[in-house]
Every structure is written in structure tokens, then in C-alpha cells.
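Numbering (our numbering), first residue to last: 21 to 234.
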């Protein structure tokens, strides 16, 4: 596989999220790669937010709570967008090591299966398996400077680069049927919507939501 396919997500998507750049950059990323390489190769790009050769993004400067929000958004995209999802060990523990070798922390003394990030990744992984999203094309559903949404079949991912306050958008272009009840996989008992044409998605303080049929 062409080595260049290993890094576009790492540099472009991670940079957009962690540095709070315009979310329309994500549209540009997918459009440019869709045009410039065989579209089938998009399925084999490596999607990762950190790796063993670079300082972990959580080691960068900035507010710790804000960085954790970007960390979750980046990993949500890595696990659900077109390409091969790769989670560098320790991401689920919020490891924040700097340049090699600080980015190769010992895990076996620090594996906390009750961490919120461990649970977050587990819920995404279970849902992506249930809906076999790798067999579905990725379709952009909404984008502006602070919000990005895409679907893989009946699996809708909504993200924002705004880590303070709320963001509310109306999704009128979506994969669901009128009357269908969809629920956020992170709060399936309390965050559900009955689809009647377009519907509003509200993201608070940089949260990620993934809606699937109830």
C-alpha cells in the first residue's frame, strides 16, 4: 500500500479538530482524496489520531478538558469514517506522552476499563459492528464552520469543533424514514428523536452524537 495513505487522516482531520479549524476542511479532505486517488483506496486508508512516532495529541498545549473533547471527536471519526480504524494503545486511558519514547507509556500498570474513554470507544465499536458500517458508503449530511455530520447507512455521526456552549443544527438530508425513532448510542434511553422530515441535533460542549434506529 502506498505509504502516503497512512497519514492524511492523521494530519488533516486531527489538525482540524484539535486546532478548531473550519469544519468545512473535512469536506475538502474527503473530496480531495476522493478525486486524487482510486476511490477504492479510500477504504484502505489508515485512520488514526496518534501513533508511536509522534507526540500524542493530548501532550499538546491547551486546556486539558478541551483536549479531551477533541480527543473523543477525533477517535469517533477514526472509527466510523471511510478507511481502516486504528486506535493507538493508551488512547482509551487519555495517555498524553510527548515525543518518542514518552509516547510509549506502560499500559499494563494503567489499564482502567471503567474510564469514560474506554466506554466511549466500546460503544462506538459495538454500534459499528451491529450496523456493519464498513459495507456502507460515507455520505456527507451537513457541514458548516462548526459542525460536521455524515452517515454510513442508517448510522449518523455528528461532531463539532466548538468545545464551549451548544451547537444546534437542523438535519434535513439524512438516511432515516419519517416516523422512525432514532437514538444516540451514548444515551439511548434519553436522547431519542422521532423523525418527521428534518430534525434538530444539539451538541453541548464539544460532545459527539451518533444516531441509529431504535
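No residue lacks a Cβ here, since even glycine has one placed at the ideal position from N, Cα and C.
Rounded straight-line distance, which links the Cα of residue 106 to that of residue 124 = The alpha-carbon atoms of residue 124 and residue 106 are separated by roughly 16 Å.
ask   = Is the distance from the Cβ of residue 250 to the Cβ of residue 114 below 8 Å?
value = Look at the range of the chain in this structure, 21 to 234, and you will see that residue 250 is not part of it.
key: Cα-Cα separation between residue 198 and residue 210, rounded to whole angstroms   = Answer to the nearest angstrom: the Cα atoms are 20 Å apart.
key: Host alpha helix (DSSP H) of residue 86 (start-end)   = Start and end: 84-100.
request  = Take residue 155 and list the residues in its own chain whose beta-carbon comes closer than 8 Å to its own, dropping the five residues that flank it on each side.
outcome  = So the list reads 173, once near-sequence residues are dropped.
request  = Please classify residue 29: does DSSP put it in a helix, a strand, or coil?
outcome  = DSSP places residue 29 in helix when its eight states are reduced to three.
request  = Compute every distance between the C-beta of residue 226 and the non-hydrogen atoms of the ligand HEM, then say whether any falls below 7 Å.
outcome  = The model on display carries no ligand, and the ligand HEM is accordingly not part of it.
message = With H, G and I counted as helix, E and B as strand and the rest as coil, what does DSSP make of residue 220?
response = Looking at residue 220 - three-state DSSP - the assignment turns out to be strand.
query = By DSSP, does residue 167 sit in helix, in strand, or in coil?
reply = In the structure shown, residue 167 sits in a strand (DSSP, three-state: E or B).
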